[in-house]
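>
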Amino acid sequence: MAYNLLKGKKGIIFGALNEQSIAWKVAQRCVAEGAEIVLTNSPLALRMGELNKLAEECNAPVIPADVTSNEDVTNLFTKSMEHFGGGVDFVLHSIGMSVNVRKGIPYTDNNYDFTHKGLDISALSFHRVLQTAMKMDAINEWGSVLALTYIAAQRVFPDYNDMADNKAYLESIARNFGYQYGVKKHVRVNTISQSPTRTTAGSGVKGFDGFINYAEKMSPLGNADADQCADYCVSMFSDLTKMVTMQNLFHDGGFSFTGVTQAVIEQMEK
Numbered sequence: 102m103a104y105n106l107l108k109g110k111k112g113i114i115f116g117a118l119n120e121q122s123i124a125w126k127v128a129q130r131c132v133a134e135g136a137e138i139v140l141t142n143s144p145l146a147l148r149m150g151e152l153n154k155l156a157e158e159c160n161a162p163v164i165p166a167d168v169t170s171n172e173d174v175t176n177l178f179t180k181s182m183e184h185f186g187g188g189v190d191f192v193l194h195s196i197g198m199s200v201n202v203r204k205g206i207p208y209t210d211n212n213y214d215f216t217h218k219g220l221d222i223s224a225l226s227f228h229r230v231l232q233t234a235m236k237m238d239a240i241n242e243w244g245s246v247l248a249l250t251y252i253a254a255q256r257v258f259p260d261y262n263d264m265a266d267n268k269a270y271l272e273s274i275a276r277n278f279g280y281q282y283g284v285k286k287h288v289r290v291n292t293i294s295q296s297p298t299r300t301t302a303g304s305g306v307k308g309f310d311g312f313i314n315y316a317e318k319m320s321p322l323g324n325a326d327a328d329q330c331a332d333y334c335v336s337m338f339s340d341l342t343k344m345v346t347m348q349n350l351f352h353d354g355g356f357s358f359t360g361v362t363q364a365v366i367e368q369m370e371k
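All residue numbers in the sequence shown are consecutive under my numbering, ending with 371.
What follows is the structure, given as structure tokens:
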């Protein structure tokens with residue numbers, strides 16, 4: 102059911118790759134709620150994924166952008182503003198990649214060249230997007246920016262590797278830029294800490310099935326899926342949450358504040 106929560110709003114969605122992607126679901130929900138969107142991903146992801154299919158469904162242009170390139174991000178905002186005839190009202194940053202994880206390199210043996218690349222893509226890109234948007238005055242007054250994160254930024258999940266460091270930095274950027282952008286133009290910046298979700302990126306983490314099964318047993322409401330995350334993103338893009346900023350918002354069925362559940366106790370006693 103749609104409520105026209107984003108009627109008349111315009112936004113940019115980073116990171117949709119295929120139907121498993123949270124960003125894919127967010128794009129669909131934003132359009133269903135009345136928004137117009139621009140879709141973007143890296144040139145490599147565009148070749149690997151199915152973004153043109155989503156673009157056709159959402160009647161949205163696809164503007165390639167390597168988020169490690171200042172020129173690409175500037176070009177993205179320039180072309181988006183030309184397309185919309187003005188600024189945007191919301192931005193979703195749904196980007197994360199670790200070469201160390203992909204190559205199965207343990208955290209204690211991280212290749213630092215790989216670490217730098219993952220940090221640039223997963224976290225520094227968020228700063229780059231916000232910095233570029235602010236310089237270009239690309240986000241409208243009372244706009245909303247979201248980045249997707251995970252609780253490994255606060256707690257140890259051994260096989261999440263250097264992505265945990267990347268997410269911690271991502272959340273710090275949201276707080277610091279959230280202050281600056283809030284003072285300057287009432288733009289709010291938040292992160293959503295989602296339950297482990299079966300996406301292409303998430304599935305690349307060693308032991309990911311164990312993550313999901315454990316979180317399901319540890320969450321009073323169970324794991325939040327990608328569609329439910331999309332609903333939450335829509336609410337954060339809407340005018341109903343205009344005074345929420347600089348927050349890391351847990352969307353995880355209660356996992357983040359649960360010490361132990363009866364289901365976990367029973368499993369341990371088997």
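The beta-carbon is built from N, C-alpha and C at its ideal position, and this holds for glycine as well.
Keep in mind that this is a model prediction, so the values were computed, not measured.
Contact defined as beta carbons within less than 8 Å: I believe S357 pairs with I252. What is the distance between those atoms, to the nearest angstrom?
The residue labelled residue 357 in the question sits at position 256 within the sequence shown. The residue labelled residue 252 in the question sits at position 151 within the sequence shown. About 6 Å separates the two Cβ atoms, so the contact holds.
> For L247, which three-state DSSP category applies?
Within the sequence shown, numbered from 1, the residue matching residue 247 stands at position 146. L247: strand per DSSP, three-state reduction.
> Please give me, in chain order, every unbroken run of the alpha helix (DSSP H) with length at least 4 that falls completely inside the region 288-340.
Qualifying alpha helix (DSSP H) stretches, in chain order: 309-319 and 327-338.
> Can at least three beta-carbon pairs, one atom from the region 176-184 and one from the region 148-160, be found at a separation below 8 Å?
Because the criterion of three Cβ pairs below 8 Å is not met, the region 176-184 and the region 148-160 do not touch.
> Could you tell me if D310 is buried or exposed, where buried requires 16 or more neighbouring beta carbons within 10 angstroms of its beta carbon?
Residue 310 sits at position 209 when you count from the first residue of the sequence shown. The residue is exposed, with fewer than 16 neighbouring Cβ atoms inside 10 Å.
> Along the chain, where does the beta strand (DSSP E) that runs through T141 open and close?
On the sequence shown, position 40 is the one that residue 141 refers to. T141 -> beta strand (DSSP E) spans E137 to T141.
> Can you tell me whether V257 is helix, strand or coil according to DSSP?
By 1-based counting over the sequence shown, the position of residue 257 is 156. DSSP places V257 in coil when its eight states are reduced to three.
> Beta-carbon within less than 7 Å of A136's beta-carbon, same chain only, minus the 5 sequence neighbours each way: which residues are those?
Along the sequence shown, one-based indexing puts residue 136 at 35. Excluding positions up to five away in sequence, the list reads L107, K110, K111 and G112.
> With a cut-off of 8 Å on the beta carbons, I'd call P297 and N267 a contact; round off their distance for me.
Residue numbering aside, residue 297 sits at position 196 when the sequence shown is read from its first letter. Residue numbering aside, residue 267 sits at position 166 when the sequence shown is read from its first letter. Not really, about 16 Å apart at Cβ, beyond 8 Å.
> What distance in whole Å lies between the Cβ atoms of A161 and L177, which are believed to be in contact at a cut-off of 8 Å?
Here residue 177 is taken as the residue at index 76 of the sequence shown, counted from 1. Here residue 161 is taken as the residue at index 60 of the sequence shown, counted from 1. About 13 Å separates the two Cβ atoms, so there is no contact after all.
> Below 8 Å on the Cβ atoms is my contact criterion, and I expect G244 with V168 to pass it. Report the Cβ-Cβ distance as a whole number of Å.
To locate residue 244, count along the sequence shown from 1; it is residue 143. To locate residue 168, count along the sequence shown from 1; it is residue 67. G244 to V168, Cβ: 19 Å. No contact.
> Tell me the DSSP secondary structure of I114 in three-state form.
For the purposes of this step, residue 114 is identified with residue 13 of the sequence shown, where counting begins at 1. DSSP places I114 in strand when its eight states are reduced to three.
> Quick test of your reading: S294 and F227, contact by CB under 8 Å. State the CB separation rounded to the nearest angstrom.
For the purposes of this step, residue 294 is taken as the residue at position 193 of the sequence shown. For the purposes of this step, residue 227 is taken as the residue at position 126 of the sequence shown. Not confirmed; about 14 Å, so no contact.
> By Cβ distance, which residues of its chain are closer than 6 Å to V288, with the 5 residues on each side in sequence left out?
Reading the sequence shown from its first residue, position 187 is the one you call residue 288. Closer than 6 Å at Cβ, skipping near neighbours: I240, G244 and Y282.
> Based on Cα-Cα distance, which residue from A103, A234 and Q255 lies nearest to T175?
Taking the sequence shown and counting its residues from 1, one reaches residue 175 at position 74. Ranking the options by Cα distance to T175, first place goes to A234.
> Alpha carbon to alpha carbon, what distance is there between L220 and C334?
For the purposes of this step, residue 334 is taken as residue 233 along the sequence shown, with counting starting at 1. For the purposes of this step, residue 220 is taken as residue 119 along the sequence shown, with counting starting at 1. Between C334 and L220, the C-alpha separation is close to 24 Å.
> What residues are listed by DSSP as bridge partners for F227?
Here residue 227 corresponds to residue number 126 of the sequence shown, with the count starting at 1. For F227, which the question treats as bridged, DSSP gives no partner whatsoever.
> Can you list the beta strand (DSSP E) stretches of 3 or more residues lying completely in the region 175-209, in chain order?
Here the runs fully enclosed are 189-194.
> Whole angstroms is fine: what's the gap from A128's alpha carbon to A327's?
On the sequence shown, position 27 is the one that residue 128 refers to. On the sequence shown, position 226 is the one that residue 327 refers to. Answer to the nearest angstrom: the Cα atoms are 12 Å apart.
> Relative to the C-alpha of K285, which candidate in Q232, S143 and R256 has its C-alpha closest?
As a first step, residue 285 must be located in the sequence shown, where it is residue number 184. Among Q232, S143 and R256, the Cα nearest to that of K285 belongs to Q232.
> With respect to the beta strand (DSSP E) encompassing N349, which residues constitute its N-terminal and C-terminal limits?
By one-based count along the sequence shown, residue 349 stands at place 248. It spans N349 to H352 - the beta strand (DSSP E) in which N349 sits, taken as one unbroken run.
> Sorted by chain position, which residues of the same chain lie with C-beta nearer than 6 Å to Y208's C-beta, five sequence neighbours on each side aside?
In the sequence shown, residue 208 corresponds to position 107, counting from 1. Only N262 meet the Cβ criterion.
> Quickly, what does DSSP pair I240 with across the bridge? List them, please.
Stepping through the sequence shown from its first residue, residue 240 is reached at position 139. I240 pairs with V189.
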